[in-house]
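*Asks:*
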Amino acid sequence: MSEAVLSPCGPVVDADAAARAHERLSEAATEGGWADLLEAHWPALEPVFAASPYLFGLARRWPDTLRTLLEQGPDARLADVLARTNALTGGADDLRAPLRRLKGELHLLTALADLGGLWTLDQVTGALSRFADISSRAALAAVAHDQRERGKLVSAADDRRGPVPGLFGLAMGKHGADELNYSSDIDISLFWDPEALTPALAEGVEPQRFLDRLAHAFATLMQERTGDGYVFRVDLRLRPDPSSTPPVVSVPFALTYYEGVGQNWERAAFIKARAMLGDPRAGKAFLKALVPFIWRRSLDYPAILDIQSIKRQIHVHKTGEGLEAAGANLKLGRGGIREIEFFAQTQQLILGGRDAKLRTPRTVDALAALRDAGHVKAGVCEELTAAYVELRGLEHRVQMLDDEQTHSLPLDPVRRAAVAALAGEGALSAFDARVEALLIRVNGRYGELFEGGEELSSPYGSLVFTGVENDPETLLTLERMGFSEPAGVADTIRSWHHGRIPATRTERGRELFTRLAPRLLTALADTGAADDAFRRFAVFFAGLSAGVQVQALFLAQPRLFELVVGVMAFAPRLARTLGRYPAALDSMLDARFAQDLEADSGIAEQMLAETVAASDFEAAMNAVRRIHRDQMFRIGLQILTGRAGPEAAGRALTALADAVMAALAPVALAEAERQGGALAGGKVAVIALGKAGSREMRASSDLDLMTLYDAPADAMSAGKGWAAGVFYSRFTQRLIAALSAHTAEGGLYEVDMRLRPGAAKGPVSLRLSALQDYYATEGDTWEFMALTRGRVVWANDPAFGRQVTAALEAVLRRPRPGVDVAADARRMRDLMARERPGKGDWDLKLAPGGQVDAEFVAQVGQLHAAAIGEPLTVSTLEALAGEPALAEAWRLQQALGQVLAAAFDTPGDPSNEPEGFRNRLAEASGAADFDALSTHLQQVRRKARAAFETALPPVRDGD
């Protein structure tokens, strides 16, 4: 070279490849008369072409380029390449091939000047950045030329405002700081000023559509791969909210975005921003307008913490564990370039608002400025600067192998040895040790920054959600956490950081979410059901009308937060409640939430008071539904966390249903009176049957009800003259609607009236005397069995309620001569087994030895007790006092059923559920683990079925 001689970069890693390269290039050099020049420089070229197929390919394809480079030196050749690029004219088709050829020349001369020791890192990155500037401007001018040819752009080609007035592009990232790496893409943010652009377009041309097509044409011209290669990959995503905005964003929208929801990582990105493309004055004015956003003169403590979070999201291993050269990501991995950049940028953001000397875009210069201002020790600055230069050099050498946009050292030792050779190292082990020591030093220094604060990574690894593309280390962390689609999770988290949901729309909400996100993801992973839990949490989180209070609550009360995450993982029923009605979370703050379920929480009185105060029927229904929803959530959580056993849970769920009916029955009666007028002398009672009657409800239980009334025979309603039967049927219909209708506040219960006498064809409400007559003459054994769990839950006249209670007991005690209750019950159970057999081992109700077997025996026992004058009970367990095997089976399956019903709308086979939920089931049953529970359940059921066969033996034909 005329200015200096290339030096060998390192050893020849592949002698055969070097020999082939020499042979091919010698042919061209001999033919061109520059063989002596090639031989003079071959000692420096040999290790390069032996290691890099890409660089040899450039030299082989364009040997004259290599010749002029060797003759003139890199500085002269760079000036020539830039001048020829700047001189290009015409449209996209005219520039496509020349731009790619010039990029090839630039790549060859830059690599050889770098590897040959002639250029420093700054010269290398500066050359790449300057070519990126000039080629981008040429490409924009070319696509603008095409638009003028089509008549859509009417401004002059030499308009001082650029090829398209009002359109400008900011060079971002390393391009903006003149630090571009060897095979980098270029980050360009495109913006437009409506006032300047619109007059430059032909009449009828819609500006946004025009710009979107122009941006697409520009990017295509730059990055489309042809036989000549490509110029630069172009990334237009460093713009406001790129997933929901067009590729070219209007200035008014952008300024509003950055002022309103701009994030700290976007502030950090603008440290390196430079007006580079299009209208230069508009670009500079835009950056000036953003100065208050980028460089804040005053920051409160939460804002400082949020900036520091940029650093704390990266997991630091103080021991250097896991930092290996093979596969190391020199840019984004631990101890990599990004950590040095974040080290500088986070401090620049905090301190640069008051000290303009710290606002330099280049990383090395920023470290020096921080040192000079006394914020970084001189030794740390020197160490990180040297590490940055070395890491950037290694990054370039990785990319020089094949011109790939990669930042990772190859896992393949042969390819990694090629990188080592380009870096001057012949022994791979020594190279690996050198790289590992470098990464450990950087990671250690990075760990010292803001030391002692709250970590925002996870025990699983780094969780970085800055930028517009997914961080590879974060994706690996999410994969380790158990997410099946890490990229989708990362995209969702990033969208929340962008303020796309109400919870993160404010700056404070986003600051809190930055702290909450790693805790959330870690907690989700710890459940063992990360995917399901995240999906349900996303529904809940997106449904919050505001998020500051909730996120602050979660951060202040980690146990509460873990409880909510557990709900998301294991309890779709409760998760749906939170998802549809996030305000249900407020109930967790009520002092009564953690109160023992057996204690009187005053809910019944509250419901009654709110229905009395309600303005109309629907308002009363909604008031009850809100309280009911909160209480169902409270009871469900106590069941799932083991605070409430199965009997206590059954009583609490039933007490809640009783309170609902006691609150809504008077409202339904008032509604019937409003429609038809009052019924003088009338009395009515609501009777619960089934599990509501026996106080053994689950979260999924419906209400088996009937209503009984009494009134004078000639009683008529005051308004419409309804007879008593019509009036109380209307009341019952209004009560059913109040209990089962879905309103804006949701539903309450399904109501089943089929257990009333004559349900198939009789009236919906019965006169008490009609019930007594029915059971005296027509009632089947199964109807008497159902009545053993009958219980008055409300009456408009307490005396009538007592009268009905006595009447029900009298019905049960009336002799039924000639009736074999046990045989009738066994026939009915056998019919049920044929028509509705159990659906597997986890059908707790219908499987042999399941709860129906126990309940049949209990109810038959109650009918026998009634016949001989013994005390009666609605409780299944009390009725099974003499049947220990059946009682144990019923109690175990009730415990399991309570947990399953609290968690699921339709419980299936829990063996398919996450381990955490299976463990909770085992805990509820007292078993050591889920396998032990399954075994125990089968054993208990076998004993229960045997006891059932003894209590209700099979009926022989003819009996």
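Residue numbers for the sequence shown follow this note's numbering, beginning at 254 and rising by one. Here a beta-carbon is modelled for each residue, glycine too, at the ideal position from N, C-alpha and C.
Which value, in whole angstroms, describes the spacing of the CA atoms of residue 863 and residue 836?
*Replies:* The residue you call residue 863 lines up with position 610 of the sequence shown. The residue you call residue 836 lines up with position 583 of the sequence shown. If I take the Cα positions, the gap works out to 18 Å.
*Asks:* Specify whether the region 1046 to 1060 and the region 1106 to 1113 touch according to this definition: at least 3 beta carbon pairs, one from each stretch, less than 8 Å apart.
*Replies:* Because the criterion of three Cβ pairs below 8 Å is not met, the region 1046 to 1060 and the region 1106 to 1113 do not touch.
*Asks:* If you compare alpha carbons, which of 892, 664, 457 is closest to residue 1148?
*Replies:* The residue labelled residue 1148 in the question sits at position 895 within the sequence shown. For the residues 892, 664, 457, the minimum Cα distance to residue 1148 belongs to 892.
*Asks:* Closest to residue 637 by CA distance: which of 592, 651, 410 is it?
*Replies:* Here residue 637 is taken as the residue at index 384 of the sequence shown, counted from 1. Minimum Cα distance to residue 637 is reached at 592.
*Asks:* Which value, in whole angstroms, describes the spacing of the CA atoms of residue 672 and residue 754?
*Replies:* As a working note, residue 672 is residue 419 in the sequence shown. As a working note, residue 754 is residue 501 in the sequence shown. The alpha-carbon atoms of residue 672 and residue 754 are separated by roughly 46 Å.
*Asks:* Count the CB pairs spanning the region 487 to 505 and the region 454 to 473 that are closer than 8 Å, and state whether there are at least three.
*Replies:* Output reads yes: the region 454 to 473 touches the region 487 to 505.
*Asks:* Taking all protein chains shown into account, do 16 or more other C-beta atoms lie within 10 angstroms of the C-beta of residue 830, making it buried, or fewer, making it exposed?
*Replies:* In the sequence shown, counting from the first residue as 1, residue 830 sits at position 577. That one is buried.
*Asks:* Between residue 1200 and the rest of its own chain, which residues show a CB-CB distance below 7 Å, the 5 nearest in sequence each way excluded?
*Replies:* On the sequence shown, residue 1200 is found 947 positions in, with the first residue counted as 1. Correct list, in chain order: 1136, 1138, 1139.
*Asks:* Is residue 488 helix, strand or coil by DSSP?
*Replies:* Start at 1 with the first residue of the sequence shown, and residue 488 comes out as number 235. Residue state, collapsed to three classes: strand.
*Asks:* For a test of the three-state rule: what should DSSP assign to residue 271, helix, strand or coil?
*Replies:* Counting from one through the sequence shown, the residue named residue 271 turns up at place 18. Here residue 271 sits in helix by DSSP.
*Asks:* Since residue 1046 and residue 914 are thought to touch, with beta carbons under 8 Å apart, how far apart are those beta carbons, to the nearest angstrom?
*Replies:* The residue given as residue 1046 occupies position 793 in the sequence shown. The residue given as residue 914 occupies position 661 in the sequence shown. Right, their Cβ atoms sit about 5 Å apart.
*Asks:* Measure how close the beta-carbons of residue 300 and residue 674 come, nearest whole angstrom, since I'm counting them as under 8 Å.
*Replies:* Taking the sequence shown and counting its residues from 1, the one referred to as residue 300 is at position 47. Taking the sequence shown and counting its residues from 1, the one referred to as residue 674 is at position 421. Their Cβ separation, rounded to whole angstroms, is 6 Å, which keeps residue 300 and residue 674 in contact under 8 Å.
*Asks:* Assuming residue 644 contacts residue 583 (C-beta within less than 8 Å), just tell me the rounded distance between them.
*Replies:* Numbered from its first residue, the sequence shown carries residue 644 at position 391. Numbered from its first residue, the sequence shown carries residue 583 at position 330. Yes, residue 644 and residue 583 are in contact; Cβ-Cβ is about 5 Å, under 8 Å.
*Asks:* Where does residue 1006 fall in DSSP's three states?
*Replies:* Residue 1006 sits at position 753 when you count from the first residue of the sequence shown. Three-state DSSP puts residue 1006 in coil, outside helix and strand.
*Asks:* Could you please give me the residues that DSSP links to residue 959 through a beta bridge?
*Replies:* Within the sequence shown, residue 959 is the residue found at index 706, counting from 1. In the DSSP output, where bridge partners are listed per residue, residue 959 has 940.
*Asks:* Does chain D have any CB closer than 8 Å to the CB of residue 785?
*Replies:* Absent from the structure: chain D. Only one protein chain is present.
*Asks:* Closer than 6 Å by C-beta to residue 1204: which residues in its own chain qualify, once you throw out the five before and the five after it? Chain order, please.
*Replies:* In the sequence shown, counting from the first residue as 1, residue 1204 sits at position 951. Once the five neighbours on either side are set aside, the close Cβ partners of residue 1204 are 1110.
*Asks:* Rounded to a whole number of angstroms, what is the C-alpha to C-alpha distance between residue 877 and residue 775?
*Replies:* Residue mapping note: residue 877 aligns to position 624 of the sequence shown, counting from 1. Residue mapping note: residue 775 aligns to position 522 of the sequence shown, counting from 1. Approximately 37 Å between the Cα atoms of the pair.
*Asks:* Which residue's Cα is closest to the Cα of residue 1107: 1131, 1122, 700, 1088?
*Replies:* Looking up residue 1107 in the sequence shown gives position 854. For residue 1107, the nearest C-alpha among the options comes from 1131.
*Asks:* Mind checking who residue 1047 pairs with in its DSSP beta bridge?
*Replies:* Start at 1 with the first residue of the sequence shown, and residue 1047 comes out as number 794. Its beta-bridge partners are 939.
*Asks:* Check whether the Cβ atoms of residue 598 and residue 526 sit closer than 8 Å, and answer yes or no.
*Replies:* Sequence index remark: in the sequence shown, residue 598 carries index 345 (1-based). Sequence index remark: in the sequence shown, residue 526 carries index 273 (1-based). Not in contact: residue 598 and residue 526 (Cβ atoms no closer than 8 Å).
*Asks:* Which of helix, strand or coil does DSSP assign to residue 1120?
*Replies:* Locating residue 1120 in the sequence shown gives position 867, counting from the first residue. Helix at residue 1120.
*Asks:* In terms of alpha-carbon separation, which member of 261, 905, 295, 1076 lies closest to residue 274?
*Replies:* Position 21 of the sequence shown, counted from the start, is the residue given in the question as residue 274. For the residues 261, 905, 295, 1076, the minimum Cα distance to residue 274 belongs to 295.
*Asks:* Assuming the contact rule is C-beta atoms closer than 8 Å, residue 327 and residue 372 should be a hit. Round their C-beta distance to whole Å, please.
*Replies:* Taking the first residue of the sequence shown as position 1, residue 327 is located at position 74. Taking the first residue of the sequence shown as position 1, residue 372 is located at position 119. At roughly 6 Å, the Cβ-Cβ gap stays under 8 Å, so residue 327 and residue 372 are in contact.
*Asks:* Please work out which residues of its chain come closer than 6 Å, Cβ to Cβ, to residue 579, disregarding the five sequence neighbours upstream and downstream, and give them in chain order.
*Replies:* Mapped onto the sequence shown, residue 579 falls at position 326. 664, listed in sequence order.
*Asks:* For residue 352 and residue 397, which I take to be in contact (beta-carbon distance under 8 Å), what is that distance rounded to the nearest angstrom?
*Replies:* Against the sequence shown, residue 352 aligns to sequence position 99. Against the sequence shown, residue 397 aligns to sequence position 144. Not a contact, Cβ separation roughly 15 Å.
*Asks:* Might you give, ordered along the chain, the residues of its own chain that have their beta carbon closer than 6 Å to the beta carbon of residue 792, omitting 5 neighbours on each side?
*Replies:* Your numbering for residue 792 matches position 539 in the sequence shown. Excluding residues within five positions, the ones whose Cβ falls inside 6 Å are 832.
*Asks:* Between the Cα of residue 1125 and those of 1179, 1044, 269, 1073, spot the shortest distance and give me the residue it belongs to.
*Replies:* On the sequence shown, position 872 is the one that residue 1125 refers to. With distances taken between Cα atoms, residue 1125 lies closest to 1044.
*Asks:* Do residue 941 and residue 954 have their beta-carbon atoms positioned less than 8 Å apart in this structure?
*Replies:* Position 701 of the sequence shown, counted from the start, is the residue given in the question as residue 954. Position 688 of the sequence shown, counted from the start, is the residue given in the question as residue 941. No, they are not a contact pair.
*Asks:* Between the alpha carbons of residue 507 and residue 681, how many angstroms are there, rounded?
*Replies:* For this step, residue 507 is matched to residue 254 along the sequence shown. For this step, residue 681 is matched to residue 428 along the sequence shown. Their backbone Cα atoms lie some 49 Å apart in a straight line.
*Asks:* When the distance is taken between beta carbons, is residue 313 closer than 8 Å to residue 365?
*Replies:* Position 112 of the sequence shown, counted from the start, is the residue given in the question as residue 365. Position 60 of the sequence shown, counted from the start, is the residue given in the question as residue 313. Not closer than 8 Å, so no.
*Asks:* Going by the CB atoms, is the gap between residue 534 and residue 414 shorter than 8 Å?
*Replies:* On the sequence shown, residue 414 is found 161 positions in, with the first residue counted as 1. On the sequence shown, residue 534 is found 281 positions in, with the first residue counted as 1. It is a contact, given that the beta carbons lie within the stated cut-off.
*Asks:* Could you tell me the distance, in whole angstroms, from the CA atom of residue 1152 to the CA atom of residue 747?
*Replies:* Locating residue 1152 in the sequence shown gives position 899, counting from the first residue. Locating residue 747 in the sequence shown gives position 494, counting from the first residue. C-alpha separation (whole angstroms): 35 Å.
*Asks:* Pick out whichever of 887, 629, 974 has its Cα sitting closest to the Cα of residue 698.
*Replies:* Taking the first residue of the sequence shown as 1, we reach residue 698 at position 445. Of the candidates 887, 629, 974, the one whose C-alpha sits nearest the C-alpha of residue 698 is 629.
*Asks:* Report the three-state DSSP secondary structure of residue 582 (helix, strand or coil).
*Replies:* Residue mapping note: residue 582 aligns to position 329 of the sequence shown, counting from 1. Three-state result, residue 582: strand.
*Asks:* Rounded to whole angstroms, what's the CA-CA distance from residue 572 to residue 689? Just pull it up for me.
*Replies:* Counting from 1 along the sequence shown, the entry for residue 572 is found at position 319. Counting from 1 along the sequence shown, the entry for residue 689 is found at position 436. Confidence at residue 572 is low in this model, with a pLDDT of 43, below 50, so the placement of that residue should be treated as unreliable; the coordinate-derived value is given next. Rounded to whole angstroms, residue 572 to residue 689 spans 12 Å at the Cα level.
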